[in-house]
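Student: In numbering that gives the first Met the number 0, the protein residues as written are 0 to 447. Every residue, glycine too, gets a C-beta built ideally from N, C-alpha and C. As the structure is a prediction and not an experimental result, all values here were calculated from the model. After the structure tokens below, expect a handful of questions from me.
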Amino acid sequence: MTVYQASTHEIGGLFPLLAASPIPAVGARIGYDAHSGGAFYCHPVEWVLRSMCTNPNIVCFGEPGKGKSSTIVAFLLRMMVFGVRSLISGDVKGEYTPLLRALGVTPIMLGRGSRARLNALDLGPLESRWDSWTVDRQRDELDGVLGRWVQLLVALAEAQGYTATVTDEAVLSTVLRQLIGVADGYTRLRPITIPDVQRELADPDPALWTQTRFADRRHFLDHLRSITDALTNLISGPLAGLFDAPTNFTLDWDAPVQSLDLSRLRTRGDQAIAVALTCLGSWSSLMTDLQEDGDIRIVVRDELWRQMRLGLRAVQAVDGELRLSRAERKIQVLVSHKPSDFLSVGAVGSQEVSIAKDLLSLCSTRILFGQSTRVADQLADILALSEKEQEATTGWANERQGRALWKVENRTGYKVQTVRSTIERKLFDTNAQLRPTPPTEHDPAGGF
Ligand SMILES: Nc1ncnc2c1ncn2[C@@H]1O[C@H](COP(=O)(O)OP(=O)(O)OP(=O)(O)O)[C@@H](O)[C@H]1O
Ligand SMILES: [Mg+2]
């Protein structure tokens, strides 16, 4: 038998998946590397510090039922040991709730039978920190917040079938500034809600239409009619009362994991859930950014594909939230089915593709569960996968749940099998509802 010898550098080129450089044994132990048989660890912040990648965000793709959520749960539970806390920004199916309860945490329930309200335009910690900041910092922080809110409002308008114009955006920004009180000289911030914005657009005071350079009030009303109507529908539609009133709960930021459970909204339709996820995404991104305790936080956005169906603006809103995020110690986890969820519904234009690629570049770690060949081709193209890596997602990863190709930026991918503990299997049972006798869930009546 002929024996060939080569350095690991060369072998890496010939057998990409065999000779991936080892992953440091730091952070959450996820499972094992199918090639080396060694343990596989994940600590995205450490990976950034060790120059393995440029950002700590994670995106997770895979067909339904492949084990995406279970892997994310394993990740956040095992990061807890290192004092890392998590926020589930919208649990559509109520899957995370039993896990929270087992940890002694009460999730925030939104929807039927709950009194919890979340103001989509919540100032949160901004209000209490305001006075301690210099004028420069105030201006900076406020620009960031207003940018997010405008993006949120135009995404919500697009959900109603209206594509906002640059003029709409400029007017929204001016209205928000006026309502919040910054026009009065940065003294005190006034809390606002979406109905405040809608009222101002429907019944503008003369200062508004002159400042935004409209000829008269009629001109203003006609021009802004569509966006005003879109906001009106939001206030009176299936989500009425949920995101348009002052926030009436306090999130326990010291809890190891917190979740906003949306399972009670399911009867209100897909559109309502997508809008709810958009409001929550914007809210949690702002809240976690302003937590200045120096701790690492994980923000999970499971079922992100639902939000993406709202259109290009929703994709841009998520992109903006990741981009505007100034908290370095935050790990954003996006979970979806396939990259095309991030492309606008309908025609795949070059703008949509470039925004989707942009968004993906903000997530250095890509966890690729089993996929069909068609989607795998798309993944290979967008994420520059090698042939072997692509095969791993269509073949190997499809053979068992919990298998995924972990691709950290341009490094060779790792074939990883997530291993769940018995307790994790019991507490995070996403098939629970399919079983004949689902466990009855204790829910303190009227609680959040
Ligand atoms: N690591 C694993 N090992 C063995 N089985 C697993 C593993 N992870 C998940 N499963 C099984 O796969 C099922 C689906 O897992 P999970 O709900 O995490 O998938 P998902 O990809 O999030 O699905 P969806 O897209 O529908 O949300 C689980 O109920 C569990 O039985
Ligand atoms: Mg899932």
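If you draw a straight line from the C-alpha of Glu386 to the C-alpha of Tyr40, how long is it?
Tutor: So the alpha carbons of these two residues sit roughly 25 angstroms apart.
Student: Given this structure, state the Cα-to-Cα distance separating Thr392 from Lys414, to the nearest angstrom.
Tutor: Rounded to whole angstroms, Thr392 to Lys414 spans 9 angstroms at the Cα level.
Student: Could you check the C-alpha separation between Ser335 and Gln197 for me, to the nearest Å?
Tutor: When rounded, the distance between both Cα atoms is 32 angstroms.
Student: Using 8 angstroms as the threshold, is the stretch 127-141 in touch with the stretch 91-101, meaning 3 or more CB pairs across them?
Tutor: Too few Cβ pairs lie closer than 8 angstroms, so no.
Student: If we ignore side chains and look at the alpha-carbon of each, how far apart do Ala33 and Leu238 end up?
Tutor: Rounded to whole angstroms, Ala33 to Leu238 spans 46 angstroms at the Cα level.
Student: Give me the residue from Arg402, Leu285, Thr364, Val181 with the minimum Cα distance to Asp121.
Tutor: The residue with the shortest Cα to Cα distance from Asp121 is Leu285.
Student: If distances are taken between C-alpha atoms only, which option among Gly394, Asp318, Leu259, Asp215 comes closest to Asp357?
Tutor: Closest by alpha carbon: Asp318.
Student: Grab me the residues of Asp195's own chain with a C-beta within less than 6 angstroms of its C-beta, minus the 5 sequence neighbours each way, in chain order.
Tutor: Excluding positions up to five away in sequence, the list reads Leu178.
Student: Assign Thr1 to buried or exposed, taking buried as 16 or more other Cβ atoms, counted over all protein chains shown, within 10 Å of its Cβ.
Tutor: That one is exposed.
Student: Just to confirm, is the Cβ distance from Gly89 to Leu279 under 9 angstroms?
Tutor: In contact: Gly89 and Leu279 (Cβ atoms closer than 9 angstroms).
Student: With DSSP as the reference, please indicate the residues paired to Gln416 in a beta bridge.
Tutor: Answer is Tyr31, Arg402, bridged to Gln416.
Student: Would the beta-carbon of Gln306 fall within 9 angstroms of that of Ile354?
Tutor: For Gln306 and Ile354, no; Cβs fall outside 9 angstroms.
Student: Between the stretch 390-409 and the stretch 66-74, do three or more beta carbon pairs fall short of 8 angstroms?
Tutor: Output reads yes: the stretch 66-74 touches the stretch 390-409.
Student: For Trp208, tell me which candidate among Ala201, Phe219, Arg312 has the shortest Cα-Cα distance.
Tutor: Checking every option, the nearest Cα to that of Trp208 belongs to Phe219.
Student: Pull up the DSSP beta-bridge partners for Thr364, would you.
Tutor: Answer by DSSP bridge pairing, in chain order: Ile57, Val407.
Student: Report all residues from its chain with a CB closer than 6 angstroms to the CB of Tyr3; omit the five preceding and five following residues, and keep chain order.
Tutor: Excluding positions up to five away in sequence, the list is empty.
Student: Can you tell me the Cα-Cα spacing of Gly345 and Gly394, whole angstroms?
Tutor: Summary for Gly345: the model assigns pLDDT 49, below 50, so the residue's position carries little reliability, and this model does not support an answer.
Student: Going along the chain, which residues of its own chain have a beta-carbon closer than 8 angstroms to the beta-carbon of Gln389, five neighbours each way excluded?
Tutor: Answer for Gln389: Ala375, Asp376, Leu378, Ala379, listed in chain order.
Student: Which residue comes first and which comes last in the alpha helix (DSSP H) that contains Phe213?
Tutor: Looking at the DSSP string, Phe213 is not in any alpha helix (DSSP H), and its letter there is neither H nor E.
Student: Closest by CA to Met78, which one among Leu384, Ile297, Thr231, Gly103?
Tutor: For the residues Leu384, Ile297, Thr231, Gly103, the minimum Cα distance to Met78 belongs to Ile297.
Student: Fully enclosed by the stretch 107-167, which alpha helix (DSSP H) runs are 4 residues long or longer?
Tutor: As far as the stretch 107-167 is concerned, its whole alpha helix (DSSP H) runs of at least 4 residues are 124-128, 134-158.
Student: Going by Cα to Cα distance, which pick from Ile29, Asn56, Arg212 is closest to Glu423?
Tutor: Nearest option by C-alpha distance: Ile29.
Student: Can the beta-carbon of Arg263 be found closer than 9 angstroms to that of Leu86?
Tutor: No; because the gap between Cβ atoms is not below 9 angstroms, this pair is not in contact.
Student: Comparing C-alpha positions only, which one of Pro106, Leu289, Gly160, Pro338 sits nearest to Ile226?
Tutor: Of the candidates Pro106, Leu289, Gly160, Pro338, the one whose C-alpha sits nearest the C-alpha of Ile226 is Gly160.
Student: Is DSSP giving Arg328 helix, strand or coil here?
Tutor: DSSP places Arg328 in coil when its eight states are reduced to three.
Student: Please go through the same chain and pick out, in chain order, the residues whose beta-carbon is closer than 7 angstroms to the beta-carbon of Leu102, but skip the five residues on each side of it.
Tutor: The answer, listed in chain order, is Pro255, Val256.
Student: For the candidate residues Ser50, Trp148, Arg265, whose alpha-carbon lies nearest to that of Leu230?
Tutor: Taking only the C-alpha atoms, the option nearest Leu230 is Trp148.
Student: Rounding to the nearest angstrom, what Cα-Cα distance links Ile193 and Pro23 in this structure?
Tutor: For Ile193 and Pro23, the distance between alpha carbons rounds to 47 angstroms.
Student: Going by DSSP in three states, Cys41 sits in which element: helix, strand or coil?
Tutor: Residue state, collapsed to three classes: strand.
Student: Could you compute how far the alpha carbon of Asp428 sits from the alpha carbon of Val72?
Tutor: Looking at the two C-alpha atoms, the distance is approximately 11 angstroms.
Student: Find out if the Cβ-Cβ distance for the pair Val58, Arg365 is shorter than 9 angstroms.
Tutor: Yes, the pair counts as a contact, with Cβ atoms nearer than the cut-off.
Student: Pull up the distance between the alpha-carbon of Gln416 and that of Leu311, whole angstroms please.
Tutor: Gln416 and Leu311: Cα-Cα distance of roughly 34 angstroms.
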